[in-house]
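Everything in the sequence shown is counted per the working numbering, starting at 21 for the first residue and increasing by one.
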Amino acid sequence: MSDLTTAPASRHAITTPFLTPGTRVATALAVLVAQVGLAIPAVLNGLFQQDLHTTSAQLTWISDAFLVPVTLLELSFGALGDLFGRKRLLIGGSLLMAVGELISVLTPSAGTSNTAAIATLWTGQALTGIGAAVLFPTSLAMVAAGTHTAKDRARGIAVWSAALSSGGFVSPLLGGLVTKMSWGDDPTATWRWAFVAVFLLALISAAVALTARNSSAPEGRSLDWPGQITVAVSLFALLFAVIQGATSGWSSPWVIGGFVVAVVFFAAFIAAERRSPAPLLRLSLFANRAFAVSSLVTVLGMFAFLGTAYSTSIRLSAIQEFSPLETAIAFVLLQGFALVLMPVTAKTIHSYNPRWALGAGFLLIAAGDFWIAAQSAVDRSLWPIVAPLVLVGVGFAFALSGVTAVAVNTVPNHLAGMASGTTSQLRDFGFTLGPAVIGAIALSAAASEIQHKLHASSALRAAMEKFGASAPPEAVGAVNSGPLGANAVAGNPIQNVAFHALDHAYAIGYVVCGVSALVAALLAAGGMLGGAARRPLVTEESLHD
21 MSDLTTAPAS RHAITTPFLT PGTRVATALA VLVAQVGLAI PAVLNGLFQQ DLHTTSAQLT
81 WISDAFLVPV TLLELSFGAL GDLFGRKRLL IGGSLLMAVG ELISVLTPSA GTSNTAAIAT
141 LWTGQALTGI GAAVLFPTSL AMVAAGTHTA KDRARGIAVW SAALSSGGFV SPLLGGLVTK
201 MSWGDDPTAT WRWAFVAVFL LALISAAVAL TARNSSAPEG RSLDWPGQIT VAVSLFALLF
261 AVIQGATSGW SSPWVIGGFV VAVVFFAAFI AAERRSPAPL LRLSLFANRA FAVSSLVTVL
321 GMFAFLGTAY STSIRLSAIQ EFSPLETAIA FVLLQGFALV LMPVTAKTIH SYNPRWALGA
381 GFLLIAAGDF WIAAQSAVDR SLWPIVAPLV LVGVGFAFAL SGVTAVAVNT VPNHLAGMAS
441 GTTSQLRDFG FTLGPAVIGA IALSAAASEI QHKLHASSAL RAAMEKFGAS APPEAVGAVN
501 SGPLGANAVA GNPIQNVAFH ALDHAYAIGY VVCGVSALVA ALLAAGGMLG GAARRPLVTE
561 ESLHD
């Protein structure tokens, strides 16, 4: 994910190792494992909800517990690798992912406290996310450090990108297949096998990393602690406010306070970056209008894609209650094309101005989103959304390949590495916002529709009172936890109401994603990114910038 290909100006004074076979395998496996860890929870949301009786907000935080550390920490870990050696970080990141996945596997069963179970799973996923935040930039930096011609670096980055795409392709199938295995007597607890699989892969990655050749580039590198702390607090407060707003209400003091904290610490982050000699985010890049617009395109487009992926996960697993293996088919369509079409997208970007590939990709995502929004979940089949998912998947393949190329083409060669690293962080920021914002919009809409139906029907209110007095406490608690809980408890009076409310609400979510992708497409292809001539992403000159 992180494209940290820059090096200090005094590179010639630093040892420049070649990319050994062990390093090639270790870096490819590391980024594959990190991507599998990122993507695999998407096919498990239905089982999380059934086994742990999660509220809507808790379910959203399972995804964001992984994504937030990746977004916040990958640039800092890139600097740590430069300072202290990348091999030890590659080993440490893999081991940390293994520890996080082991904690996730040990999440208490549904018979224990829901709060304790969810806290354990969040902790495990947060540690796994920190490990992935180490692996993404470190693996790519090792590739960059071991390649010293444009041809070799392009080949090395292509292999790294293929491994990353393979992780996105393999993870849903892996998650779907391993959950077919039994886990005790509870059929909804089988999601733990998916984390066992990632745990084993992470251990293998750590072992293979021992064969890699170390590299570092300490000159001119330092950590921007004020920037790191202020942006971490700002983003966490923003996500907290967005996610909790859907359940606690947008006028809740905690939610309003979250937004205020986010704004205050973001302002502090800007002030810290202006004064820092080695800022986490180079604000000077945004003085370039073309780069500023391309950054907006990146956030909007990646928000649209992961918002779509999240909506699809909830639609199939939590609303329509498809199995993880059935849900995996949808994610193969969403993510598999990034791998299958890699030769086509690479050739397109090399032969044409990459902003056209980027614009076309986001346009396809928008078309797919609007198409899915028109398909009712009442038809409990995957077939109505297969074709639009293909559109989104093909669009993502072109958009993912074009995002960094467009950003790099808007700045001079000596800023190419800085631009690609910043774009990587913005891309992950868009990814992180997707589940949070779409979940908040959809769940607020669904809850509002359910309340409207209850207020309009005295018979429905009476049935709910009877259900509350006679049903088991855990069933009543699940129904009262939110729309997803009400849809999951069979036989409760508002189950059908909740199903239709969620169907309508996530259709709104797809529309929001479609609009975001459409705006990104118009900005990318509408001539607002400047008239910079097409040039290769990696050149002999930029190798030493």
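Where a beta carbon is used, it is the ideal one built from N, C-alpha and C, also for glycine.
Here the structure is a predicted model, which is why all the values come from computation and not from measurement.
Count the other CB atoms, across all protein chains shown, that sit within 10 Å of the CB of residue i; report buried if there are 16 or more and exposed otherwise.
| i | result |
| --- | --- |
| V280 | exposed |
| D399 | exposed |
| L230 | exposed |
| D205 | exposed |
| A33 | Residue confidence for A33 is low, a pLDDT of 42 falling below 50, so the modelled location carries little weight; the figure read from the coordinates is stated next. Counting Cβ neighbours within 10 Å, A33 comes out exposed, since fewer than 16 surround it. |
| A479 | exposed |
| F104 | exposed |
| Y372 | exposed |
| M117 | buried |
| V283 | exposed |
| K107 | buried |
| A287 | exposed |
| T169 | exposed |
| G567 | Since the first residue of the chain shown is 21 and the last is 565, residue 567 is not available in this structure. |
| F382 | buried |
| A54 | buried |
| F215 | buried |
| I449 | It is Phe, not Ile, that sits at residue 449 in the sequence shown. Burial call: buried. |
| Q355 | buried |
Taking only three categories from DSSP, how would you classify residue i?
| i | result |
| --- | --- |
| M201 | coil |
| N134 | helix |
| Y372 | coil |
| V431 | coil |
| F286 | helix |
| N516 | helix |
| F342 | coil |
| H475 | helix |
| S569 | This structure cannot speak to residue 569, because the chain is shown only from 21 to 565. |
| Q395 | coil |
| F418 | helix |
| S468 | helix |
| R400 | coil |
| G511 | coil |
| D389 | helix |
| L126 | coil |
| F38 | coil |
| R295 | helix |
| G166 | coil |
| S272 | coil |
| R447 | helix |
| R302 | coil |
Measuring only the C-alpha atoms, how far is residue i from residue j?
| i | j | result |
| --- | --- | --- |
| T40 | P503 | 53 Å |
| G42 | I249 | 35 Å |
| T267 | T148 | 27 Å |
| V499 | T74 | 11 Å |
| A403 | A350 | Rather than Ala, the amino acid found at residue 403 in this sequence is Trp. Spanning the two alpha carbons is a distance of roughly 10 Å. |
| L219 | W81 | Leu is not the amino acid found at residue 219; the sequence shown has Phe there. So the two alpha carbons sit approximately 21 Å from each other. |
| E341 | G66 | 6 Å |
| L58 | P513 | 37 Å |
| G265 | G497 | 20 Å |
| A540 | S314 | 9 Å |
| D172 | L409 | 35 Å |
| A146 | S477 | 43 Å |
| P297 | W245 | 12 Å |
| W203 | S304 | 53 Å |
| A99 | F487 | 57 Å |
| A425 | L316 | 15 Å |
| T430 | A544 | 12 Å |
Between which two residues does the alpha helix (DSSP H) containing residue i stretch?
| i | result |
| --- | --- |
| P89 | S76 to F104 |
| W213 | R212 to A229 |
| D71 | N65 to L72 |
| N500 | P493 to N500 |
| F325 | R309 to S333 |
| N507 | P503 to A508 |
| S490 | S478 to S490 |
| W245 | W245 to S268 |
| T47 | P41 to A59 |
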